[in-house]
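Asks: Residue numbers (my numbering): 6 to 218. Supplied in structure tokens, the structure appears directly below.
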């Protein structure tokens with residue numbers, strides 16, 4: 006199966022990376038970038054509320070099987086990617102019904118290469134452990150759900166960001182450095198299932214890796 010990654014922007018500081026797995030769609034995306042395709046140039050698809058390693062800045066991604074390119078679309082599916090991020094809990098209801106997202110001002114900017122080489126993918130396990138980490142105390146701010154050992158939170162733009170945690174299942178150990186390393190006065194700590202509105206020992210914004218114990 007062919008796999009390719011492309012990026013679109015809505016503003017200079019907003020880039021969204023998506024995956025294509027269909028040969029015809031990949032060719033169409035390349036035609037847009039080359040200027041051969043001038044009409045159907047905007048990106049449409051159904052969002053999934055989960056972070057992907059190839060698109061770590063955002064808490065949602067586009068389902069590759071639903072992605073198409075369009076010239077015009079109905080207003081109800083148009084939204085800025087930051088607005089979608091900030092209102093993700095409302096998406097797929099009255100906001101973005103059916104999870105359809107069609108940013109009118111999306112501009113395909115590049116084909117993304119070297120994904121497998123540049124992104125540190127989480128280690129896949131058979132664990133049933135699950136944890137949610139939050140950027141702010143009291144379970145506020147950006148949230149990321151993990152079920153596998155994660156050696157580098159930079160993958161998800163979450164390095165030195167975690168300030169509260171919900172351990173849904175399993176027992177999780179948190180480390181101050183990538184690759185589960187610890188130096189200095191910060192000792193790795195383990196949390197059992199429960200809600201932690203702030204991290205123990207003043208360790209907010211100091212977590213760089215974590216894994217199920």
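C-beta: ideal position from N, C-alpha, C; glycine also.
1. Within this structure, are the beta carbons of residue 53 and residue 66 separated by less than 8 Å?
2. For the structure I just gave you, are there three or more beta carbon pairs, one from the segment 57-66 and one from the segment 74-94, closer than 8 Å?
3. Apart from the five residues just before and just after residue 211, which ones in its own chain have a Cβ nearer than 7 Å to its Cβ?
4. Determine the DSSP secondary structure at residue 60, reduced to helix, strand or coil.
5. Roughly how many angstroms separate the alpha carbons of residue 101 and residue 50, rounded to a whole number?
6. What residue from 24, 86, 178, 27 has the CA that sits closest to residue 135's CA?
7. Taking just the CA atoms, how far does residue 153 sit from residue 171?
8. Could you tell me the distance, in whole angstroms, from the CA atom of residue 131 to the CA atom of residue 174?
9. Is it the case that the Cβ atoms of residue 117 and residue 21 are separated by a distance below 8 Å?
10. In the DSSP assignment, find the unbroken beta strand (DSSP E) run with residue 28 in it and report its ends.
11. Tell me whether residue 86 sits in a helix, a strand or coil according to DSSP, three-state version.
12. Got a sec? Which residues, its chain only, sit under 8 Å from residue 148 by beta carbon, not counting five neighbours each side?
13. Within the same chain, show all residues whose beta-carbon is closer than 7 Å to that of residue 30, passing over the 5 residues directly before and after it, in chain order.
14. From residue 143 to residue 199, what distance separates their C-alpha atoms?
15. How far does the beta strand (DSSP E) with residue 140 in it extend, from its first residue to its last?
16. With a Cβ-Cβ cutoff of 8 Å, do residue 183 and residue 156 count as a contact?
17. Please name the residue, chosen from 75, 23, 167, 43, that lies closest to residue 213 on a Cα-to-Cα basis.
18. With C-beta atoms as the reference, is residue 14 less than 8 Å away from residue 114?
19. Using beta-carbon positions only, say whether residue 160 and residue 69 come within less than 8 Å of one another.
Replies: Considering the structure as presented:
1. Yes, the pair counts as a contact, with Cβ atoms nearer than the cut-off.
2. The segment 57-66 and the segment 74-94 touch, with no fewer than 3 CB-CB distances between them shorter than 8 Å.
3. Result list for residue 211: 165, 181, 191, in chain order.
4. Reduced to three states, the DSSP call for residue 60 is coil.
5. Roughly 11 Å separates the two Cα atoms.
6. When each option's Cα is compared against that of residue 135, the closest is 178.
7. Their backbone Cα atoms lie some 15 Å apart in a straight line.
8. Its pLDDT being 47, under 50, residue 131 is placed unreliably by the model, and the measurement read from it follows with that caveat. Annotation: residue 131 to residue 174 spans about 13 Å, alpha carbon to alpha carbon.
9. For residue 117 and residue 21, no; Cβs fall outside 8 Å.
10. The continuous stretches of beta strand (DSSP E) do not include residue 28, which lies in the alpha helix (DSSP H) extending over residues 28-39.
11. In the three-state scheme derived from DSSP, where H, G and I count as helix and E and B as strand, residue 86 is classed as helix.
12. The beta carbon of residue 148 lies closer than 8 Å to those of 64, 137, 138, 139, 140 in the same chain, with the five residues before and after it left out.
13. If the five residues before and after residue 30 are omitted, its C-beta is found closer than 7 Å to the C-beta atoms of 72, all from its own chain and listed in chain order.
14. The alpha-carbon atoms of residue 143 and residue 199 are separated by roughly 13 Å.
15. Membership of residue 140 in the beta strand (DSSP E) is indicated by the continuous run 135-141.
16. Contact flag set, yes.
17. Considering only alpha carbons, the answer is 167.
18. Against a cut-off of 8 Å, the Cβ pair of residue 114 and residue 14 comes out as a contact.
19. No, these two residues do not count as a Cβ contact at 8 Å.
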